[in-house]
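Numbering (this note's numbering), first residue to last: -3 to 433.
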């Protein structure tokens, strides 16, 4: 019989740079080899420029950039520890001489990457799962905004309030354990049923550290303070999720109900004790020592539901809200809502159009101080944020987001540099670029 030449298997086709998941590819196979051994590395750069076109504090532009390095380790693959993982994230933040928040003067930061110019450790934790991941314990340097109060659809927006909302960021000591300041803590998550997750966590109460008399991010400039000061912040959340699997035929949704309690003392927003021992308004006597309240607390809810799905498109709606005691908080209640339209244009299934609106009510006690102040100042009432952006998926590794925001009554309408002057509504426009290396 004639000899038959053996056929050689064809090597997999090399993806073009516009098709691969990361800009730098597989590093000659090294990236896949590391992942097979249990090590997954993530490198991302976000750069953005925004300009205040009208209103706010200053009509000028700004640039903000952040490089992220994350390392995740599957310890079962690496050293045989079943159900164990570790995670570390480091940020290098590079901004210009000022940022968008400096130009606007609002409570809500127009950028969710805004941070003090530095290199900092963000999160570093160890996690152990048991019983097919139905129980999970995470300990280390944690960020509450990684797992609590989150909405997948709201995450498509750039203003910081659609992440760690103003009801938390504006009220908790030093902004709480959220980007860019994490704190030591522990989180326990339990799945008692297929669609249910119950999670609780305790965090150190003040991420800035003890005796901080400067901006919290400067006091903890590199994320290595590992603060155990300021009492404790306790958080709990019940989650109900439907149609989450890849094979699910229904419309996906997640619903959350949460609560938080901070054990530290919080000063009264309206009344204090003067030099004679009398109780007075802080507006009438700003030298008075605020009356101290033991603890602080709040309740919140989140709903994120897909309401329509086409062949290559889908529409999700989200809503979040919460309330806090007026006597010890700047924001006494908060609401936000919006939508995310995936695949809004024919032939663009990976693009997303996002819209959101947020409302932060200034507490009546803060407004009362403004009313009592002599000479008269602008009485703060509320702040509203409107945002729309289009996330253009240029390549799997590159997203470009033109973004427009309109902030009504920034800082409640009061100029933070001169309380007697009204701060006009701010119109902001810019573009963000996100590259995965």
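Where a beta carbon is used, it is the ideal one built from N, C-alpha and C, also for glycine.
Looking at residue 247: is its Cβ nearer than 8 Å to the Cβ of residue 199?
no
For residue 325, which residues from the same chain have a beta carbon less than 6 Å from its beta carbon, with the 5 sequence-adjacent residues on both sides left out?
167, 359
With a Cβ-Cβ cutoff of 8 Å, do residue 110 and residue 99 count as a contact?
no
Below 6 Å CB to CB, which residues in the same chain sit around residue 354 once its five sequence neighbours on both sides are set aside?
157, 332, 381
Assuming contact is defined by CB atoms lying nearer than 8 Å, are residue 191 and residue 238 in contact in what I supplied?
Their beta carbons are under 8 Å apart, which means residue 191 touches residue 238 by this criterion.
Beta-carbon proximity of residue 379 to residue 413, cut-off 8 Å:
no
For my contact list, residue 68 and residue 36 are in at a C-beta cut-off of 8 Å; report their separation, rounded to the angstrom.
4 Å
If residue 266 sits next to residue 365, beta carbons under 8 Å apart, how far is it from one beta carbon to the other, in whole angstroms?
6 Å
Based on DSSP bridge pairs, tell me the residues matched to residue 329.
Among the bridge pairs identified by DSSP, residue 329 is matched with 319, 357.
Threshold first: 3 residues or longer. Then list the beta strand (DSSP E) segments lying entirely within the region 41 to 74, N to C.
57 to 70
Is DSSP giving residue 367 helix, strand or coil here?
helix
Opening and closing residue of the alpha helix (DSSP H) in which residue 99 lies
96 to 100
Cutting at 6 Å between CB atoms, please list the residues of its own chain near residue 310, excluding the five before and the five after it.
302, 338
Taking only the alpha-carbon atoms, compute the straight-line gap between residue 312 and residue 209 and give it to the nearest angstrom.
Straight-line Cα distance between these residues: approximately 43 Å.
Under 8 Å: do the region 116 to 127 and the region 77 to 87 share three or more Cβ pairs, one atom per stretch?
Proximity of the region 116 to 127 to the region 77 to 87 meets the contact definition, three or more beta-carbon pairs being nearer than 8 Å.
Classify residue 106: buried if its beta carbon has 16 or more other beta carbons within 10 angstroms, exposed otherwise.
buried
Whether residue 185 touches residue 193 by CB criterion (8 Å)
yes
With respect to the beta strand (DSSP E) encompassing residue 425, which residues constitute its N-terminal and C-terminal limits?
422 to 432
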